[in-house]
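Inspection log for the structure reproduced underneath, given as structure tokens.
Residue numbers (the UniProt record's numbering): 1 to 158.
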């Protein structure tokens, strides 16, 4: 991985804040693609330490600069662990903005992939995921950096 991409993929701070900074004068927007109750994939359930087949809150978004998607993300939170969190009310607001305001937030190690997002048609060079925990609440956040971001920021292909 190039150092330029490492700075994006390995960072443990708020991706939303980093995108806004990198976008400079461009307008940032979270575009809600889908939000529903459903079953996580076997791989997602395993990452959360949950039995396969249990219901979860699923949310897919595109993080856009000037309406161009730079990152697509999928969040998975087991229903049994929501504990009064009203995530369905986020709409087109950033989950990261809420997460990074939690004083006891813990983040698992970041897993990196070269696979494209299985829930979105646009390609990109890198994806990553980690589990965020806040008390008994847990959410798997999967983020896929898109080729459009690489083009706009003149990042190398990998």
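Beta carbons: idealized from backbone N, C-alpha and C, even for Gly.
- Rounded to whole angstroms, residue 33 and residue 96 show a C-alpha spacing of 16 Å.
- Boundaries of the beta strand (DSSP E) around residue 142: 137-145.
- Assignment of residue 58 by DSSP, reduced to helix, strand and coil, places it in the strand class.
- Annotation for residue 91: no beta strand (DSSP E) segment contains it, and DSSP assigns it neither H nor E.
- 8 Å or more divides the Cβ of residue 24 from the Cβ of residue 77.
- Taken through DSSP and simplified to helix, strand or coil, residue 105 comes out as coil.
- The closest CA to that of residue 86, considering only 19, 58 and 63, is found on 58.
- Cβ neighbours of residue 22 within its own chain (closer than 7 Å, five residues either side excluded): 153.
- Per DSSP, the unbroken beta strand (DSSP E) holding residue 127 starts and ends at 126-134.
- Sequence-distant partners of residue 26 (beyond 5 residues in either direction) whose C-beta falls short of 6 Å from its own C-beta, in its chain, are 65 and 66.
- According to DSSP, residue pairing for residue 65 in a beta bridge involves 28 and 68.
- Across the structure, residue 105 and residue 43 are spaced so that their CA atoms are roughly 23 Å apart.
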